[in-house]
């Protein structure tokens, strides 16, 4: 549904040509298209050379050089291609992980293609020549086909500026984390090329712009002056250069009188930086036609959240398992642990829950509105009936008054779910020490800064827990919230561990490659929400990091053919682990008002 809405929005942006509403003086789409075709032709040219070498002059070093040159060429097309053709971009540059089609009964395996597949093959110790040649040819063919498609495309200036702004976030969240260069670690040169490409598009709108030249030169020079991937100071780069880049793009849009979109967007493009308060829009992740609630509706949702009237026995409320003082979780391995009832999974935090495309550990529902209904109906949680809960509310004079004051039609299923979801959306988010440090309101110490840089680099945390939400919602389009197979053990064991029997996402649609997969949660507020993993097996952040440091389940004796977490040992030392935890502790939101 959310992907459909996204594509409809793009279609409307392409097709709307209301000249009477255009108050800007020029249309730049033709020049952008011309430049994009130049960059795309350069990419195809590089891939043709790469393909020819693979077939006729198979020398590894030459092939690696050709591959890296092709990557640099690709990065100059990325701002526009990734925005207008997200599915094509995923085939060109998506993760090298196979997946099951869930649109037919066979759950056929769809093998990945693109740069990351080629990178894994080319930079491996043992190279399968035929498979590598085949994947290079596919990559070349995909790019050539896209070049033909571009000839028939029409662009929209408003949408293009969204693409430019989002490219800055893509560079920071995916590029500098190594997400799309996981083996070659060519992320820094690629970030330089991405910035150079982005600047080339912006120069169409504003030639000889000193602010533009300065912002991009400073950012590019900072990257070029860095020693290597692991030591790169991502914190300093984001703090000192992201705002300058984003602000410059915003100012060019306003100076050229290009309007902001009237459609729902994931970020507020009128703001200057991705670190700005209220930059991210939780309503983007809600059902169509849902609007932001007012304070009275949020207060009604809060009252219901703490009221056991919703449960079958009148003894359990939402706050029973989502306790504010405990980060809206409950610090038990499993829900209702040590009682007559026990749910097999750990209660996740509700903080930052609004910024997702799926809910529950297995991602079985798409919207926050659906969550309360599912929990109330669950015999093992609130062991009640949603319909009966609505009846009880309708018979309660106080709630009847509250709902009638807030809604013309009073107590209805839709209105109830709306106020519950609105309360959760209104919970504190992006109010942590880390956020305030990026805003210049406080400062991180050296240990916390090093921890962030480890999180974004050597420790590989950010390739699954994406900056800046630090959950599995994939930036910068946020159309998907990922689930991963990491091999969580049933009990603590570092030698002969046994995988927890919960099959997770597999229960939802039966895709074999999703056995033992669970939605990637946020790391925000993680210091408050122990124990960890879907089954609460780990009691401390030290234990969690040790698990990842060993390579996940594969490093503790669990053999899963479909583990998506890299098997690599991270080789984090004791001080690095302490720094990583110090950073994670800076992600605790300010819960003072709650």
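In the working numbering, the protein residues as written are 1109 to 1702.
Positions of the beta carbon are idealized from the N, C-alpha and C atoms, including for glycine.
In the three-state reduction of the DSSP assignment, residue 1226 falls in the helix class, which pools H, G and I. Counted as a single uninterrupted DSSP element, the stretch harbouring residue 1248 is not any beta strand (DSSP E) but the alpha helix (DSSP H) occupying residues 1237 to 1258. Among the bridge pairs identified by DSSP, residue 1523 is matched with none. The DSSP-derived three-state label of residue 1416 is helix. About 7 angstroms separates the Cβ atoms of residue 1546 and residue 1346, confirming a contact at the 8 angstroms cut-off. Counting along the chain, the unbroken alpha helix (DSSP H) around residue 1178 starts and ends at 1168 to 1192. Taken atom to atom, the span from the alpha-carbon of residue 1525 to that of residue 1325 is near 49 angstroms.
Taking 8 angstroms as the upper bound for CB-CB distance, residue 1678 and residue 1595 are not in contact here, some 15 angstroms apart.
Secondary structure note for residue 1477: it is in no beta strand (DSSP E), and the uninterrupted alpha helix (DSSP H) holding it is 1477 to 1485. Rounded to the nearest whole angstrom, the C-alpha separation of residue 1471 and residue 1630 is 14 angstroms. Residue burial is scored here from C-beta neighbours: residue 1358 has at least 16 other C-beta atoms within 10 angstroms and is therefore classed as buried. Residue range 1591 to 1593 is occupied by the beta strand (DSSP E) that includes residue 1591.
Between residue 1337 and residue 1293, the CB-CB gap stays under 8 angstroms. Listed in chain order, the alpha helix (DSSP H) elements of length 4 or more contained wholly in the stretch 1529 to 1578 are 1541 to 1546 and 1554 to 1564. Per the DSSP secondary-structure output, residue 1581 pairs in a beta bridge with 1589. In this structure, residue 1206 lies near residue 1219, with their beta-carbon atoms less than 8 angstroms apart. Relative to the Cα of residue 1469, the nearest Cα in the group 1455, 1158 and 1543 belongs to 1455. Taking each of 1363, 1354 and 1401 in turn and checking the Cα distance to residue 1382, the smallest one comes out for 1354. Distances from the CA of residue 1680 to each of 1262, 1558, 1169 and 1245 were compared; the closest alpha carbon is that of 1558. Of 1404, 1153 and 1467, the smallest CA-CA separation from residue 1581 is found for 1467. A direct Cα-Cα distance of roughly 11 angstroms separates residue 1508 from residue 1499. For residue 1242, the closest C-alpha among the options 1212, 1476, 1162 and 1344 is that of 1162.
For residue 1625, the enclosing beta strand (DSSP E) stretches over residues 1625 to 1627. If you draw a straight line from the Cα of residue 1698 to the Cα of residue 1529, it comes to about 20 angstroms. According to DSSP, residue 1607 shares a beta bridge with 1597. In summary, residue 1361 is buried, with 16 or more beta-carbon neighbours lying within 10 Å of its beta-carbon over all protein chains present.
Per DSSP, residue 1143 is one residue of the alpha helix (DSSP H) stretching across 1137 to 1164.
Taking a 10 Å sphere around the C-beta of residue 1554, we find fewer than 16 other C-beta atoms and assign the residue as exposed. For residue 1506, the uninterrupted alpha helix (DSSP H) segment begins and ends at 1505 to 1514. Note that the C-beta distance between residue 1309 and residue 1272 is below 8 angstroms.
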